[in-house]
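I have placed the structure first, in the form of structure tokens, so that the comments after it can refer back to it.
There are 2 protein chains.
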Amino acid sequence: MSYSYDVAGLGNAIVDVIARTDDAFLARHGLAKGAMTLISAETADRLYADMEPAIEVSGGSAANTMAGIASLGGRAAYMGRVFADQLGQVFRHDIRAAGVAFDTAAASSGPPTARCLVLVTPDAQRTMQTYLGACVDFGPADVAASVVEASRIVYLEGYLWDKPQAKEAFRKAVRVAHANGNKVALTLSDAFCVDRHRAEFRALIEDGIDIVLANEAEIVSLWQVGAIEDAIAACQQHADRIWAVTRSEKGSVVIGGGTCTHVPAEKITRLVDTTGAGDLYASGFLYALSQARPLAECARLGHVCASEVISHYGARPEISLKVLAAARMK
Amino acid sequence: MSYSYDVAGLGNAIVDVIARTDDAFLARHGLAKGAMTLISAETADRLYADMEPAIEVSGGSAANTMAGIASLGGRAAYMGRVFADQLGQVFRHDIRAAGVAFDTAAASSGPPTARCLVLVTPDAQRTMQTYLGACVDFGPADVAASVVEASRIVYLEGYLWDKPQAKEAFRKAVRVAHANGNKVALTLSDAFCVDRHRAEFRALIEDGIDIVLANEAEIVSLWQVGAIEDAIAACQQHADRIWAVTRSEKGSVVIGGGTCTHVPAEKITRLVDTTGAGDLYASGFLYALSQARPLAECARLGHVCASEVISHYGARPEISLKVLAAARMK
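Going down the list, the protein sequences come from chains S and P.
Under the working numbering, the first residue of the first sequence is numbered 120, with each subsequent residue one higher.
Under the working numbering, the first residue of the second sequence is numbered 120, with each subsequent residue one higher.
Below is the structure:
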């Protein structure tokens with residue numbers, strides 16, 4: 120069949136509010152460094168009032184991944200829920216301007232567009248405090264079957280796995296994709312997220328996921344093992360699907376088709392803000408996979424994309440990844 | 120008397136929407152490169168729909184200047200009008216987080232918070248398209264007499280000089296400042312702005328302004344002369360007040376107290392986006408002047424502040440100008 124999209128992503132549609140901070144701020148507010156924590160509107164207001172001047176940039180994990188795929192020259196679509204407010208307009212403008220198809224209707228009642236307070240410490244680590252707003256009402260009606268049918272890969276953001284209607288939306292996406300012979304990918308998103316939903320994530324993967332993306336902490340949490348080597352061994356026992364495990368400066372490990380390959384990271388020349396590193400790894404990995412490239416090459420393209428996004432603030436590419444990849448993938 | 124503030128600024132309270140662009144985009148939309156143009160909500164929507172992905176950062180000329188003064192360690196206050204919406208919250212958060220007192224009430228009816236589409240070309244020039252929104256209703260009620268009384272210098276943004284109630288607000292600020300023996304500064308803001316209001320600007324300066332800030336195009340327009348040398352000569356004929364004329368890479372000329380001094384620019388090591396160069400020159404100049412420093416030193420501090428803001432996107436300092444000035448003003 121002919122596909123309209125290489126990859127379609129489902130996720131939390133979020134505007135990032137990025138400010139530099141220091142460890143004292145994190146300590147004062149009791150924030151877990153490097154993690155993503157869900158917060159209430161009240162907590163968001165309290166933290167915001169104490170934060171440094173900020174910049175607003177569209178974000179959202181799967182949305183960042185789709186923007187990266189479009190920047191690589193791929194055809195990407197996105198489904199996620201914003202409210203009909205100024206930040207919702209900002210989100211819609213930016214993802215469309217990035218070249219990603221985005222037609223999920225804006226909510227006209229309920230909470231405002233989601234925002235994520237991204238606190239970047241001098242070591243380039245990011246600590247994320249997310250007020251989910253309009254995202255909490257994402258449901259099956261927001262999954263456009265025609266888009267999922269027309270996408271080689273549908274990509275599910277683990278963060279979204281929380282409310283019953285979001286889980287139902289995932290199941291609809293899996294059902295429609297597989298009915299059309301398309302692949303389904305899942306990112307585990309966050310170690311705390313895996314911890315909350317371990318049994319359900321395992322069942323979801325078992326029943327409907329073809330490709331799993333995770334970082335070390337997430338994959339160790341999924342399999343409840345003590346060491347990354349044990350987690351990779353556990354993935355190899357499920358080698359009928361593809362696994363991509365990112366290991367920061369150690370590169371990534373890709374498993375599938377009877378092979379397990381350690382792919383070294385790209386040389387990093389500039390490190391400012393690690394926000395989006397995993398999201399952009401997914402861009403390169405999934406786009407190359409949608410083009411039927413070998414797994415090791417998928418991982419390398421993931422590393423190239425991640426190296427760009429950590430060189431500046433914000434979780435979306437600032438330069439053409441297509442041009443960057445052409446230079447770096449020789 | 121004892122002052123609560125070194126400088127208080129009045130201006131258009133605006134959130135900048137910054138995107139990279141190219142000359143072809145400017146040509147396609149018929150935009151005057153390097154200028155600030157006022158646009159309608161409809162034109163703003165049309166341009167925005169065609170723009171690249173953007174970042175939102177608080178801006179506004181006098182607001183940027185006040186943020187710079189706070190970053191220098193000065194005490195700054197700001198008066199400007201936002202609407203009670205998300206961008207209004209962003210503006211309020213950022214200016215307060217920068218350390219500037221800001222208590223103008225948000226409008227609860229009328230147009231939304233102003234935004235400026237800032238299009239940055241590869242030559243680092245910025246072309247600004249401003250939808251004024253809530254700013255158009257700025258009036259005398261928004262000028263807090265208690266703040267003006269308690270400020271060594273009150274700083275008026277020429278951009279605001281348009282509607283009758285804004286002009287009345289300026290006159291109120293001049294009246295209150297002078298009744299308390301305080302100084303009044305004015306920036307001419309933009310050459311087209313001067314062209315629209317030349318006679319009124321001249322009368323305003325004659326009647327109530329102690330310190331005038333302008334760039335070459337603005338001062339040439341004010342005096343309707345052919346060359347910058349003639350404009351500087353015209354300023355010298357009004358040497359009972361202070362004039363600071365910025366000349367980009369040629370530095371600036373300061374006139375006052377019977378002297379006319381050419382001060383060379385700082386060495387520029389990184390040039391990304393010239394947005395805010397004039398605003399931050401005003402930060403350094405006005406703060407030093409409020410501390411009774413010699414004019415040439417005021418200009419030098421202006422150059423140091425401007426050099427920081429052009430090294431990155433956005434018109435507010437990203438590092439402590441106090442620390443920078445301590446290193447550079449030795």
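All residues carry an ideal CB built from backbone N, CA and C; glycine is no exception.
Asked	Found
Which of the residues in the region 169-185 of chain S, read from start to end, lie with their CB under 9 angstroms from any CB of chain P?	D169, M170, E171, P172, A173, I174, E175, V176, S177
For P:G421, which of P:I438, P:M448, P:Y432, P:M247 has the nearest alpha-carbon?	P:M448
Can you check which of these residues, P:G277, P:V303, P:L129, P:E368, is closest to P:I328 by C-alpha distance?	P:V303
Could you tell me the alpha carbon to alpha carbon distance between P:H148 and P:D164, rounded to whole angstroms?	13 angstroms
Go ahead and pull the three-state DSSP assignment for S:E175.	strand
Note down, in chain order, all residues in the region 204-217 of chain P with a beta-carbon under 7 angstroms from any beta-carbon belonging to chain S.	D204, Q205, L206, V209, H212, D213, A216, A217
Do S:G229 and S:D256 come within 9 angstroms of each other at the CB atom, strictly closer than that value?	yes
Hey, does S:R435 have any beta-carbon neighbour from chain P nearer than 9 angstroms?	yes
Is there a Cβ of chain P sitting closer than 9 angstroms to that of S:P283, yes or no?	no
Please confirm whether S:A138 has its beta-carbon closer than 9 angstroms to some beta-carbon of chain P.	yes
Select from S:N183, S:V239, S:A346, S:A138 the residue whose C-alpha is nearest the C-alpha of S:A132.	S:N183
Looking only at its chain, what residues have a beta carbon closer than 7 angstroms to the beta carbon of P:A61, apart from the 5 residues adjacent to it on each side?	Outside the shown range of chain P (120 to 449) lies residue 61 of chain P, about which nothing can therefore be said.
For S:I158, which residues from the same chain have a beta carbon less than 6 angstroms from its beta carbon, with the 5 sequence-adjacent residues on both sides left out?	Q248, Y250
Output, in chain order, the set of chain S residues within a Cβ distance shorter than 7 angstroms of P:Y167.	H212
Starting from S:M198, trace the beta strand (DSSP E) in both directions and tell me its first and last residue.	195-198
Would you call the region 340-352 of chain P and the region 394-407 of chain P in contact, with 3 or more CB pairs under 8 angstroms?	no
Residues in its own chain within less than 8 angstroms of S:E335 by CB, not counting five upstream and five downstream?	I347, A350, V364, T365, R366, S367
Taking contact to mean 3 or more Cβ pairs, one atom from each stretch, closer than 8 angstroms, check whether the region 171-187 of chain P and the region 202-218 of chain P are in contact.	yes
For P:H148, which three-state DSSP category applies?	coil
Identify whether S:N334 lies in helix, strand or coil by the three-state DSSP scheme.	strand
Helix, strand or coil, according to DSSP, for S:D222 in the structure here?	coil
Below 8 angstroms on the Cβ atoms is my guess for S:P172 versus P:S177; work out the distance and round it to an integer in Å.	7 angstroms
Give a yes or no on whether the minimum CB-CB distance between S:T306 and chain P is below 9 angstroms.	no
Buried or exposed: P:E427, going by 16 or more other Cβ atoms within 10 Å of its Cβ?	buried
Identify the continuous alpha helix (DSSP H) that holds P:A253 and give its terminal residues.	Per DSSP, P:A253 belongs to no alpha helix (DSSP H) and is neither H nor E.
For the pair the region 258-275 of chain S and the region 186-202 of chain S, tell me if three or more CB-CB distances fall below 8 angstroms.	yes
If you run the structure through DSSP and keep just helix, strand and coil, what is S:I188?	helix
From the beta carbon of S:T240, is the nearest beta carbon of chain P less than 9 angstroms away?	no
Should S:T232 be flagged as near chain P, meaning a C-beta pair shorter than 9 angstroms?	yes
Name the one or two DSSP bridge partners that S:K302 has.	S:I272
Could you compute how far the alpha carbon of P:A138 sits from the alpha carbon of P:F144?	12 angstroms
When DSSP builds the beta bridges, which residues end up paired with P:L157?	P:T249
Tell me whether P:T394 counts as near the ligand FAD, meaning its Cβ is closer than 8 angstroms to at least one heavy atom of that ligand.	The ligand FAD is not part of the structure shown, which contains no ligands of any sort.
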